[in-house]
Structure formats: C-alpha cells, structure tokens
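Line by line, the protein sequences give chains G and R. Just so we're aligned: the first sequence equals residues 698 to 965 in the numbering used here. Just so we're aligned: the second sequence equals residues 20 to 409 in the numbering used here.
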Amino acid sequence: MSSYYAIIGSSLVCPSISSDWNACIPASMKRRDPRIWHIAYAAAHKVITETNVNPVSIIAATALGALDETKNFLDTVFDTGFGNPRHFIASVHNSMAGKIALELKITGPNITVCEGQNSLASAISLLDSLDPSAFPALIVLIDEHIGLLDNLHPSFSPLCKDYLNTEWVDGAFAVIVDSKANSHVSHIRASAAVPRIGSITSAIDMIKNTLADNEDALPSVNLCKSSYLEPGIAAHSAINDLNVNRSLIGSYAPASDSVAIIDIIRRQ
Amino acid sequence: MAMPVYIAGIGAISAGGPDVPCGFDSVCQGIDNIRPFTRFATGLNVTPLCAVVNSDIESIFPGTFRSLTLALIAAEEAMSALTDKTGIRLGIIGATTVGGISVTERIYEQFKKDPSALIDSKDLAIHEPSVISAELCRHFGGCGFHTISTACSTGLHAVGIAKRLIENGTYDACLAVGTDALSLLTIRGFASLTLLDSNGCRPFDKRRAGISLGEGAGAMLLANDKVLRQCNIKASAKVSGWGASSDAFHMTAPHPEGDGAARAMNYAITEADIRPQAIDLVVTHGTATPDNDKTEIRALRSLVPQLPPFCSMKRTLGHTLAASGILEAVFTVKLLEKNLIPPTPGFEQIDEEIGAAPSSELSSRPLHHVLKNSFGFGGNNASVLFSKVE
Numbered sequence: 698m699s700s701y702y703a704i705i706g707s708s709l710v711c712p713s714i715s716s717d718w719n720a721c722i723p724a725s726m727k728r729r730d731p732r733i734w735h736i737a738y739a740a741a742h743k744v745i746t747e748t749n750v751n752p753v754s755i756i757a758a759t760a761l762g763a764l765d766e767t768k769n770f771l772d773t774v775f776d777t778g779f780g781n782p783r784h785f786i787a788s789v790h791n792s793m794a795g796k797i798a799l800e801l802k803i804t805g806p807n808i809t810v811c812e813g814q815n816s817l818a819s820a821i822s823l824l825d826s827l828d829p830s831a832f833p834a835l836i837v838l839i840d841e842h843i844g845l846l847d848n849l850h851p852s853f854s855p856l857c858k859d860y861l862n863t864e865w866v867d868g869a870f871a872v873i874v875d876s877k878a879n880s881h882v883s884h885i886r887a888s889a890a891v892p893r894i895g896s897i898t899s900a901i902d903m904i905k906n907t908l909a910d911n912e913d914a915l916p917s918v919n920l921c922k923s924s925y926l927e928p929g930i931a932a933h934s935a936i937n938d939l940n941v942n943r944s945l946i947g948s949y950a951p952a953s954d955s956v957a958i959i960d961i962i963r964r965q
Numbered sequence: 020m021a022m023p024v025y026i027a028g029i030g031a032i033s034a035g036g037p038d039v040p041c042g043f044d045s046v047c048q049g050i051d052n053i054r055p056f057t058r059f060a061t062g063l064n065v066t067p068l069c070a071v072v073n074s075d076i077e078s079i080f081p082g083t084f085r086s087l088t089l090a091l092i093a094a095e096e097a098m099s100a101l102t103d104k105t106g107i108r109l110g111i112i113g114a115t116t117v118g119g120i121s122v123t124e125r126i127y128e129q130f131k132k133d134p135s136a137l138i139d140s141k142d143l144a145i146h147e148p149s150v151i152s153a154e155l156c157r158h159f160g161g162c163g164f165h166t167i168s169t170a171c172s173t174g175l176h177a178v179g180i181a182k183r184l185i186e187n188g189t190y191d192a193c194l195a196v197g198t199d200a201l202s203l204l205t206i207r208g209f210a211s212l213t214l215l216d217s218n219g220c221r222p223f224d225k226r227r228a229g230i231s232l233g234e235g236a237g238a239m240l241l242a243n244d245k246v247l248r249q250c251n252i253k254a255s256a257k258v259s260g261w262g263a264s265s266d267a268f269h270m271t272a273p274h275p276e277g278d279g280a281a282r283a284m285n286y287a288i289t290e291a292d293i294r295p296q297a298i299d300l301v302v303t304h305g306t307a308t309p310d311n312d313k314t315e316i317r318a319l320r321s322l323v324p325q326l327p328p329f330c331s332m333k334r335t336l337g338h339t340l341a342a343s344g345i346l347e348a349v350f351t352v353k354l355l356e357k358n359l360i361p362p363t364p365g366f367e368q369i370d371e372e373i374g375a376a377p378s379s380e381l382s383s384r385p386l387h388h389v390l391k392n393s394f395g396f397g398g399n400n401a402s403v404l405f406s407k408v409e
C-alpha cells in the first residue's frame, strides 16, 4: 500500500446522469476536441473550481484511453486511405492529461497510468513517486463507452462478454490530494496492481490475500469489476459519505488478471 | 539525502541488435540501421524508412504478441543479474504507448470485413497496455506492477518512477521496461502528421525533416544496497536525478523556448545535487524534427550556456516511442561505464538556428554525470541523470 494522502476534494462527471455536465467546456474545445477530452476536462475543472486549489501535477488513469479516436483514425486509414492527424493526436493514451494540463496550466509532473479496472488504484499508489513539491496533485480517472464496443459485443466470446458488458457507465472521477500530514479529514491510499498468484481462484480472495500481505486484514471490501469507472464512483461516494469511517474498494482487471485496493479513511 | 538507487542490470533489443553488447556496438559505431519497412503493408505511396528488429523473435515466447515478446527479451537480459530473489520485494514498471495495438488493428479490420466473426477474448484483452506489465510481473515474480503511457517520454519516466519507489521503500528492486513494436497506427499516424523523413532521420542537421520510427525494448533493473549485496552485483552507475514536467503549451508542438524541457532537466540536476556544468554528456531526445531539436538545445543552453557534448541515437535505433527513453538510457549507462561519447549518425550540416553540432565521432573522455532526455506528445517532458559509482 502507498502512503496516505489528504483528500482536498473530489468530483464525478457522468454524462449519462447529468445533462449539463459539459457547461464548463470552452467553446473552442466543444467545437474541435473529442468527447473524452471534454469529460476529463469537466471533472478536473469541477474539482479545481470547487476546492479553489490549483494542482501542481497530474496523474491520469485510463483503461482504454481515447479508443474512439483510435477507431476514427483507423476508419480513415481503412476506408479512405488517408489517416486524419487530429484523430491520431487524440488517440494517444496521455492525450487527456496533456489537454487538462494545457487548459488548466498544470506544469509539474504529468503521468498517465493504464491499468484496466485497477487504473485508479495504480494512479493513487504512484503518488508515492512524486516529489513533495509536486503537491497538490490532481488524479483523474477517465474512460469512455463508445458505440463500437456495443457493436462488437454480439461477437465477443463468453469470457469477453462477462467483463465488458454493454451497460457500463462512462465518465470521469477527479480528486485533488495533498502530501501526507495535514488537517484534512479524509485520506486515501492504494495498492499497486497485483497479479493472480498460485491457486487463488476468486478476485475477492486475491484481494484478501493482498490485504494480508499488507497486514491490514479488514472484513468488508466493495469489489468493482463491472466497469472501468466503477472504482471512481465508489471512491467519490466514500469520500462524500459522512457516515462511513472507512471504505475499502477492491478492483479486478480481467485483461491482466490482477487486483488492486483503494483505502479511504475518515479522520475526525 | 535519499538512498542511492543503483543500476543492477540492463537489457535491450533493437535494430542495433538482440542484446546490450550488440546494440551498444551499433551505437558506438554510429551504424545507420534505417531501412525500407516491409513487414506489413502500410498503404503509403512511399515505403517508410524504419529501424526494425531483425532477429526472428516470434518463436521465443509462443502465445505472446510482438511488443510483449520484445519486453520479455530485454527484461530477461536485465534480470539475469538478480541471482537470488529471496526476500526481495520486486516491482514492475511497464511503459508502452500502443501495447498490443497491432492485434487490435487486425481484429478491427477483420470486424469491418465480417461483423459476424467471433472475437477471441484473449485478443481483445491485449488492447489494454497493462497486459504487458502483468505478464512481466508474473514471469519474474514481482509483488506489484504499474503501467504508464506518456507517449514518447514513457520509458524514461518509468526509470524515474522506479527510482522513487525504491527510495521510499516500496520495493527493494524495480524492473522498468519500455517497449513498442511498429504498428499500422503509429506508421500511418506519424505519416499523417508529415513527420516521417523520406531520407531517414537526420538529428540536429540543417536539412532534418522528421523522424524515422523504430521498434524495440529497453529494460533496467534498479536496486538498493541490500539487493546489490545479496546478489553480489557491482553496479557501475546510479540514477541520481529524475525530472518530470509538462509544457502546458501545445498538444504536439514543444514550447518554443524549451521551457518545460528545461524545467525537467533542472529538476533532475537539482535532485542529483550537482551543478549543471558538471554534466559531461547529454544523450538527447534528438528526434530530428525541426522544432524538437531546436528547442531541446535552447532548453539545454538555458541551463548550461557552454554546451556539454551531446548526441542522438535515433538514426541507429529509430524512434522507438515508449521504448526510446529507456532503451537509449541503457546505452547511456554503458557509455558512462566505458567513458565513451558516441557519434550522431545522420548529422552532416550544422543548423545556424541551433548553433551547435552533436558529437560526430566516437571519442573517449572521463564521464561522471550523463543526462538523458525524452519528450512526448501532450508537452510531456522527462529527464534522468545517471552518475558513475565512483
């Protein structure tokens, strides 16, 4: 597990739930840029506005990156023979973090983590790699549900269908954290992704095993495995639920057959 | 003062050769490894020039895909130093831009032709970059892994992250691996940006007109004192500083004055607690695009007005994207160990706008601190300072 970091504030943007999610997007971005950049920017802008804190660094977390842009680029190559450079630029996994840094003038370290359903945990755990001068740090979890996946879904083999269903919600979760010791109420830490080892069969047993390794055996773990954004939704809920003192959020990534844990604790 | 983090093992596979000795020889001789790319049809009117791994690697790790195979080959070479894993907490930092995109491309093209064809779940999973790190973690018995993707700076950031995670006690040893195989997406992508030089890349040359793509993998096993003692490793170099910054200027173009690049270099130098003038050699990002080469030297000059010797390895290795930073860092460590400055193949004519020439021939001089730079899309900058263990 990483060190604990103080939570300054968090935001959650789910386009399917809130209709005005993109009100803060500058007109130039709305005109030119892909939807996934809009979602990532909206979550970052919201938490920065609500906390009035300007982060020094950013760690973005995404499973698939700007997959729609990759698809659009390949479509232009396969269908017309000419690749569209705008789609190529946006298709790079760190394009969301680059865009947020550009628009919100974040000039410190800028890292993007791609760890499937474990992306958020991995990003939080990598806070340990930042210098103290890189705080406050912004973490943004972002993944997009695109039509192509729905179109592909009938062709998926059974194992595929199990972990990439057609109903998952896309969006972005953003949280600003400060380095270790201070007076903020809620703190967060996480593990790196840990692969399946030996004969352990279930994801929850893999998580319990990881917790045991961290000498931190706690009974209740909220296991997220249905969508890439789910750990972010669970974290946002835990941060804002004043009645819960501690939340353990487990995630399972089928592609890499690995688990990770996020631990959120409220200090009164 | 943070605990020293040593380079305990290195590995590489590239157009320069299937291992570190062959690749290092190619770098030192300044071999031009840029060739017409023919492994698959790109659909371009002009055959692109690339630096390709020539060895027959497909059968080495059956059931894997090319970028993972490259990663495993480089990692095995680096990990050969870790002779006794007892009680060692090993972390894995994987670095890739496109991971298994070549498989995704094949699936998608097939789907467009026949939407009713069944897609194998294993093939679909390969699209996620984390598959590479997870496999490395399983293969070498790591206790945790991270997968980062920051475009062309990824590999060098992996080294910096590994350094910090050892310093703060998360791991005793950390295997950082950067890998990318050539794919239709990257070749057509850079072609769409008109960034491929039809004459092959010419770093810092007045006539430079773009990059030459390459493929490969670089691996570094970083370790603390305890690991060195346990495995009887005599390290010749350590990672003394890591700098990371964001330009926040433009999605693809560098800041004209190299502002973000200079900050990354300065962070690395400051963390190493040396004067900028103490840098003996800079192994540049040196991609050979008109803007990148110019701004990199501007950034360097803002820190060290009397430029130290600098070089680019891109004509020998190609631009290997996420692998480039760590692959070139592997050879940087060898240069430091051997006190060598390599030539810069592809360079012939000085550019007045740059006002400096890279090293043009293999030479020898005492090296104590060597700086490695990597920059990427999104204004992403990484610098790592390597220092000799005296």
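We put the CB at the ideal spot given by N, CA and C, even for glycine.
Query: Can you name the residues of chain R whose CB is closer than 7 Å to the CB of G:G813?; Result: E147 and S149
Query: Can the beta-carbon of R:K333 be found closer than 7 Å to that of R:C162?; Result: no
Query: What does the Cβ neighbour count give for R:F59, buried or exposed, with the cut at 16 atoms within 10 Å?; Result: exposed
Query: I'd like the list of long-range same chain contacts for R:K418, defined as Cβ closer than 6 Å, with 5 residues on each side in sequence excluded.; Result: Absent from the structure is residue 418 of chain R, since the part of chain R shown begins at 20 and ends at 409.
Query: At the 7 Å Cβ level, is G:L945 part of the contact set with chain R, yes or no?; Result: no
Query: Alpha carbon to alpha carbon, how far is R:V246 from R:A192? Give it in angstroms, no decimals.; Result: 7 Å
Query: With a threshold of 16 other CB atoms inside 10 Å of the CB of R:E380, please say whether the residue is buried or exposed.; Result: exposed
Query: If contact means a Cβ-Cβ distance below 8 Å, which residues of the segment 262 to 281 of chain R contact chain G?; Result: A263, S264, S265, D266, A267, F268, H269, M270, T271 and G279
Query: So is R:T335 buried or exposed if we call it buried at 16+ other beta carbons inside 10 Å?; Result: buried
Query: Where does G:D960 sit, in a helix, a strand or coil, going by DSSP?; Result: strand
Query: Which residue wins for smallest C-alpha separation from G:H842, given the options G:S896, G:S876, G:L926 and G:I946?; Result: G:L926
Query: In chain G, which residues lie with their C-beta within 8 Å of the C-beta of R:H176?; Result: I808
Query: Could you tell me whether the Cβ of R:Y127 comes closer than 7 Å to any Cβ of chain G?; Result: yes
Query: Who pairs with G:P892 in a beta bridge, going by DSSP?; Result: G:S955
Query: Inspect the beta-carbon positions of R:P11 and R:G49 and report whether they are closer than 7 Å.; Result: The shown model of chain R, from 20 to 409, leaves out residue 11 of chain R, and the question about it has no answer.
Query: Are the CB atoms of R:S217 and R:G337 within a distance shorter than 7 Å?; Result: no
Query: What's the call for G:R729, buried or exposed, on a 16-neighbour Cβ count within 10 Å?; Result: exposed
Query: Identify which residue in G:N906, G:V866 and G:V874 has its Cα closest to the Cα of G:T748.; Result: G:V874
Query: Just tell me which of R:V150, R:A144, R:Y190 and R:L355 has its CA closest to the CA of R:K104.; Result: R:Y190
Query: Compute the Euclidean distance between the alpha carbons of R:D312 and R:H304, then round it to the nearest angstrom.; Result: 8 Å
Query: Give me, in chain order, the residues of the same chain whose beta-carbon lies closer than 6 Å to that of R:I120; leave out the 5 immediate sequence neighbours on both sides.; Result: S202 and L204
Query: According to a CB-to-CB cut-off of less than 8 Å, which residues of the segment 781 to 793 of chain G neighbour chain R?; Result: N781, P782, F785, I786, S788, V789, H790, N791 and S792
Query: Determine the chain R residues that contact G:G795 at a beta-carbon separation under 7 Å, and present them in chain order.; Result: M270, F396, G397, G398 and N399
Query: Could you list the residues in the segment 768 to 781 of chain G with a C-beta less than 9 Å from some C-beta on chain R, going in chain order?; Result: K768, F770, L771, D772, T773, V774, F775, D776, G778, F779, G780 and N781
Query: Let me know the beta strand (DSSP E) ranges lying completely inside the segment 768 to 844 of chain G, each 3 residues or longer, listed in chain order.; Result: 807 to 810 and 834 to 840
Query: Apart from the five residues on each side of it in sequence, which residues of its chain come closer than 6 Å, Cβ to Cβ, to G:I962?; Result: H884 and R943
Query: Would R:P377 and R:F329 qualify as a contact pair, given that the criterion is a beta-carbon distance under 7 Å?; Result: yes
Query: Give the range of the alpha helix (DSSP H) segment to which R:L91 is assigned.; Result: R85 to M98
Query: Residues in the same chain with beta-carbon distance under 6 Å from G:S788, minus the five sequence neighbours each way, listed in chain order, please.; Result: A763, E766, T767 and F770
Query: With a threshold of 7 Å between beta carbons, is R:T169 in contact with chain G?; Result: yes
Query: In chain G, what lies closer than 9 Å to R:P309 by C-beta?; Result: Here the premise fails: no neighbours, minimum Cβ distance about 17 Å.
Query: Does any residue of chain R have a CB that is nearer than 7 Å to the CB of G:S852?; Result: yes
Query: If I measure Cβ to Cβ from G:I704 and keep anything under 7 Å in the same chain, skipping five residues before and after, which residues do I get?; Result: V872, V874, H881, S883, H884, I885 and I936
Query: Excluding sequence positions up to five away, which residues of its chain have a Cβ less than 7 Å from the Cβ of R:G174?; Result: A114, G197, G237, A341, A342, S343, G344, I345, L346 and S393
Query: For G:N815, count neighbouring Cβ atoms within 10 angstroms of its own Cβ and tell me buried if that reaches 16, exposed if not.; Result: buried
Query: Any heavy atom of the ligand SAH closer than 6 Å to the CB of R:D44?; Result: This structure lacks the ligand SAH, and indeed carries no ligand of any kind.
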